[in-house]
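Keeping their order, the protein sequence lines are chains E and F.
If you count the first sequence from 1, you need to add 10 to reach the numbering used here.
If you count the second sequence from 1, you need to add 1 to reach the numbering used here.
Even for Gly, the Cβ is constructed at its ideal location relative to N, Cα and C.
Working notes for the structure below.
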Amino acid sequence: MNIQNPDGYTTADGREIGGVMMEMKNITLRFGGVAAITDISFDIRQGEIRAIIGPNGAGKSSMLNVISGFYVPQEGEVWFHGSRRPAMKPYQVAAQGIARTFQNIALFEGMTVLDNIMTGRLTQMKSGMLAQALWWGKAQAEETAHREKVEKVIDFLEIQHIRKTPVGRLPYGLKKRVELARALAAEPKLLLLDEPMAGMNVEEKEDMSRFILDVNDEFGTTIALIEHDMGVVMDLSDRVVVMDYGKKIGDGTPDEVRNNQAVIDAYLGVSHD
Amino acid sequence: MKATQAQAGLASIPALLARNVAQHGSKPAYREKEFGIWQSWTWAQADAEIRAMAMGFMALGLNRGDYVAVIGRNRPQLYWAMVAAQMCGAIPVPLYQDAVAQEMAFVLDHCGARFVVCGDQEQVDKILEVESEWLTEDQKPSVEQIVYVDKRGMRKYDHSRMNAMADVIAEGQAAHHRFEAELTARTAELDYNSTCVMLYTSGTTGKPKGVVLSNRNIIETSKNTADFDHLRAGDEVLAYLPMAWVGDFIFSMGQAMWTGFCVNCPESAATMMTDLREIGPTYYFAPPRVFEGQLTNVMIRMEDSGRFKKWLFDKYMAVARRVGPDILDGKPVSAADKFAYWLGDILVYGPLKNTLGFSRVRVGYTAGEAIGPEIFSFYRSLGINLKQLYGQTEASVFITQQPDGQVRADTVGVPSPGVEVKIADNGEVFYRSPGTFESYYKNPESTASTKDPEGWVATGDAGFFEEDTGHLRIIDRAKDVGKMADGSLFAPKYVENKLKFYPSILEAVVFGASRDFCTAFINIDLNAVGNWAERNNIAYSSYQELSQHPRVLEMITGHVSEVNESVAADPMLSGCQVHRFLILHKELDADDGEMTRTRKVRRKVVEDKFSDLVGALYGGKSEIYTETEVTYEDGRKGAIKATLTLADAAVAPAQKVAAE
């Protein structure tokens with residue numbers, strides 16, 4: 011297992027990690043006078059689970075928003091599949107195969123689980139709005155095909171029993187799973203998870219961890235996640251980026267990061283004398 | 002009545018399958034909801050899959066006489082795997098899917114299964130765990146081939162002796178020229194005496210025992226009982242109970258094959274209620290707790306509904322309770338009542354049955370334990386033909402069952418067709434039937450002690466036939482039944498069950514063997530009584546205080562007196578009325594050894610531990626001070642001190658049966 015090999019390597023548990031899929035080069039993001047991200051570079055490899063960690067306010071979510079195209083950095087370049095990505099709208103980024111979940115669940119509360127997950131297929135629907143509204147002609151066949159994809163995701167995440175339940179009535183842990191389902195329905199190449207386990211109990215965390223691993227394993231989906239639970243991060247991820255005050259202070263395997271003095275200082279604090 | 006000749010060559014499950022293909026080839030045989038859609042297979046399609054599967058098994062080396070363990074939730078592929086195994090001359094052994102590896106280790110080793118068919122990764126993991134951790138030094142793993150249905154998560158496993166079911170079927174199809182003749186020959190060898198299935202009894206006492214059931218057992222039983230209830234092709238069942246349970250094998254395999262009705266498998270355990278509603282089975286089985294749970298849900302939702310709906314529900318449920326059971330039994334009812342019931346059916350019962358998924362139920366059964374009379378009559382009053390049966394694995398389920406129109410909550414019906422039942426002197430129920438099991442696998446001692454040379458099998462339950470109706474009533478486990486001082490029958494469980502039907506009573510222990518009268522310990526149900534106390538403004542600070550509250554005592558006294566009245570109505574058991582009782586100051590608990598882990602009261606332990614209280618009940622005191630040692634969950638011990646009130650309950654005079 012040579013993690014430095016640019017063409018890829020095989021992990022200890024037998025997963026194939028490929029070459030670089032996405033590369034962030036010297037990203038700087040400012041909101042007025044506040045620098046949220048300062049000169050950060052890192053890469054995400056094909057097939058890996060990449061964690062971004064750091065104390066509150068470190069700029070992790072901003073980083074995820076840069077990847078998803080929601081924020082356009084003032085400086086720096088985003089490279090995706092070997093070419094530089096111009097400034098894009100989020101929906102254009104989504105069309106490139108990047109899907110995400112949100113730190114604060116962003117589902118349509120009044121709609122059923124099924125309808126929510128169907129929205130994950132929106133970027134891939136070709137027929138026009140009128141045809142879809144009338145459910146006529148090509149739209150009919152198209153919806154059936156999309157529904158099939160969605161049902162596979164429902165089966166995968168084991169949420170058949172709440173298929174027709176309005177999301178507003180679901181407990182928090184299931185909502186999180188539905189959000190993951192919606193992201194998966196888009197069949198992403200890169201999946202961004204913003205604190206997928208925040209506020210969950212141990213059992214829900216275990217379930218979610220298993221689903222994340224299964225997604226990565228079954229579909230070969232590359233995953234970038236932000237998470238606060240160190241146990242989860244260390245167990246799940248192949249490589250970890252550590253941020254603090256908008257700067258990168260560490261990058262490497264969980265073991266390397268764990269022993270990095272700058273990281274320890276950031277988390278435990280350091281005396282200023 | 003022992004049928005020795007199979008009907009026109011229909012002497013095995015595969016033979017029945019072939020007949021169904023010929024008679025109902027294009028009708029649905031199996032359905033399973035997957036990806037949100039009911040997928041269905043006709044008899045012809047199922048047959049093609051099963052044959053390919055059987056040839057695939059042969060390609061993997063399945064021999065005559067091999068045991069094939071089948072583990073997983075109810076899925077068509079697993080039912081097919083059992084038939085495919087039979088076709089190859091092998092014996093299917095379905096196992097409980099929720100068993101842990103340690104429990105599976107015994108069974109797998111005992112039957113020496115060479116093949117295991119697993120539903121999914123979870124079950125495969127258990128098999129691998131059995132081999133790596135639960136076999137002793139001198140045991141060598143028997144499993145040579147693992148076949149799994151659901152491919153999820155299985156990619157990285159060592160596949161040197163593992164195959165996906167889809168691949169096995171594909172291989173069987175590809176190799177059909179090679180195996181077709183051999184398969185036909187092996188299937189033709191099956192007759193009434195060959196083993197159809199082996200089922201392990203759950204084994205509350207000691208190790209599980211493998212019950213060997215022959216084709217005669219299964220097919221004769223299926224035929225007799227299907228005729229009894231007029232089951233036919235076109236009926237629908239929902240297969241959701243464990244495949245390792247004999248009932249599921251009879252309903253979803255035996256009777257389905259005999260009649261050619263359709264077996265529907267739910268999408269997952271969690272969607273069972275939704276799937277039930279979508280399928281609308283015509284033939285349905287559930288243990289009492291399922292019916293109880295559904296009734297509770299209905300009641301809670303009605304409490305939350307609007308005032309008009311609640312009023313409508315109450316009004317028409319009163320009508321249903323009054324005349325519903327009579328209408329169902331075809332007894333005469335006044336025209337006004339008929340009209341009220343008809344209206345109620347449109348406004349309340351119909352929609353309610355639809356919501357519950359019972360709109361089309363023609364025959365429904367419950368068994369396994371006593372069902373509360375209120376629960377039972379609730380469903381009957383809605384017009385659902387819910388009945389009771391009594392049976393066990395060794396009988397291929399059926400010993401007695403209730404005929405249409407003769408249904409009551411307190412009997413288990415008349416002997417099933419072809420079954421002889423006799424009551425021994427000590428009250429124990431014996432039966433002999435075409436469904437009586439062949440033997441316990443590798444256990445001749447147990448076989449001999451259970452089944453005598455003439456074929457009579459002891460059930461271990463005590464009961465009696467009602468003189469006027471000829472219906473069997475089960476009163477208790479035979480070993481718990483005793484005699485009172487005056488020689489009358491003492492059946493504690495019978496009385497305890499009646500007490501426990503009250504929501505406020507969690508547990509009851511009745512004493513009285515060799516005594517002049519019966520007494521009882523009562524445990525209140527903290528949820529139910531606490532809720533009641535809240536509604537009635539009764540303040541309490543602990544379980545102990547609530548249990549000794551005069552109002553609670555008053556309520557429980559009322560319940561005990563009511564039970565006495567109903568016990569007195571029974572001439573055989575009128576001696577079991579509870580004269581004196583007390584409410585225990587602590588809940589009986591498994592940690593204190595007073596109950597088993599499956600929450601069955603250990604009568605002897607309770608009697609010894611609280612001997613001072615038992616003495617006081619018989620000593621005529623009205624109060625007693627007691628100290629009890631308790632064990633906390635972390636193993637520490639403590640003591641509770643309490644002064645308990647001993648109460649007298651009203652005793653009804655024994656009723657004489659009117660001479661007929």
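Across the region 47–59 of chain E, no CB contact with chain F closer than 8 Å is found for any residue. Judged by beta-carbon spacing, residue 515 of chain F lies within the 8 Å limit of residue 486 of chain F, meaning their Cβ atoms are closer than that value. Shortest Cα-Cα distance from residue 425 of chain F to any of F:513, F:466, F:497, F:615 involves F:466. Using a C-beta cut-off of 8 Å, the region 29–39 of chain E makes contact with the region 72–91 of chain E, since at least three inter-stretch Cβ pairs fall below that distance. From the beta-carbon of residue 153 of chain F, the residues of chain E found nearer than 8 Å are 166, 224, 228. Less than 8 Å divides the Cβ of residue 78 of chain F from the Cβ of residue 150 of chain F. In the structure shown, residue 101 of chain E falls within a helical segment according to DSSP collapsed to helix, strand and coil. Within the region 15–38 of chain E, those residues whose Cβ lies closer than 9 Å to any Cβ of chain F are, in chain order, 23, 24, 25. If you draw a straight line from the Cα of residue 199 of chain F to the Cα of residue 431 of chain F, it is about 22 Å long.
Contact with chain E is absent for residue 332 of chain F, since none of that chain's Cβ atoms lies less than 8 Å from the residue's Cβ.
Close to residue 269 of chain F, with beta-carbon spacing below 8 Å, are these residues of chain E in chain order: 168, 170, 171.
Between residue 252 of chain F and chain E, the shortest Cβ-Cβ separation is not below 8 Å. Taking 8 Å as the upper bound for CB-CB distance, residue 128 of chain E and residue 160 of chain E are in contact here, some 6 Å apart.
In this structure, residue 651 of chain F and residue 565 of chain F form a Cβ contact; the two beta carbons are roughly 6 Å apart against a cut-off of 8 Å. Only those residues of the region 352–369 of chain F whose C-beta falls short of 7 Å from the nearest C-beta of chain E would be listed, and there are none. For the region 31–45 of chain F, the beta-carbon criterion of a distance under 9 Å to any beta-carbon of chain E is satisfied by 34, 35, 36, 37, 38. Within 10 angstroms of the beta-carbon of residue 182 of chain E lie fewer than 16 other beta-carbons, which makes it exposed. Beyond the five residues adjoining it in sequence on each side, residue 248 of chain E comes within less than 6 Å, by CB distance, of 58, 59 in the same chain, given in chain order. In the three-state reduction of the DSSP assignment, residue 391 of chain F falls in the strand class.
For the pair residue 517 of chain F and residue 557 of chain F, the Cα-to-Cα distance works out to about 23 Å. Among the CB atoms of chain F, none fall inside 8 Å of the CB of residue 185 of chain E. Scanning chain E for C-beta atoms nearer than 7 Å to the C-beta of residue 157 of chain F yields 24, reported in chain order. Identification of residues in the region 634–650 of chain F having a C-beta nearer than 9 Å to some C-beta of chain E yields an empty set.
For chain F, none of the residues of the region 75–104 of chain E brings a beta carbon within less than 7 Å of one of its beta carbons.
Judged by DSSP secondary structure, residue 254 of chain E falls within the beta strand (DSSP E) whose first and last residues are 249–254. Residue 39 of chain F: member of the beta strand (DSSP E) spanning 38–43, first to last residue. Straight-line spacing of the CA atoms in residue 45 of chain E and residue 69 of chain E works out to 9 Å. For residue 214 of chain E, no Cβ of chain F is located within less than 8 Å of the residue's own Cβ.
When DSSP states are grouped into helix, strand and coil, residue 115 of chain F belongs to the coil group. Interface with chain F (8 Å Cβ-Cβ cutoff): residue 161 of chain E is included. In this structure, residue 12 of chain F places its C-beta atom within 8 Å of the C-beta atom of residue 216 of chain F.
The beta carbon of residue 158 of chain E falls within 8 Å of a beta carbon belonging to chain F, placing the residue at that interface.
By the C-beta criterion, the region 281–293 of chain F is judged to be in contact with the region 351–361 of chain F, since at least 3 inter-stretch pairs fall below 8 Å. C-alpha of residue 212 of chain E to C-alpha of residue 155 of chain E: approximately 36 Å in a straight line.
Put simply, of F:73, F:503, F:649, F:640 the residue whose alpha carbon is nearest the alpha carbon of residue 240 of chain F is F:73. For residue 531 of chain F, the enclosing alpha helix (DSSP H) starts and ends at 527–536.
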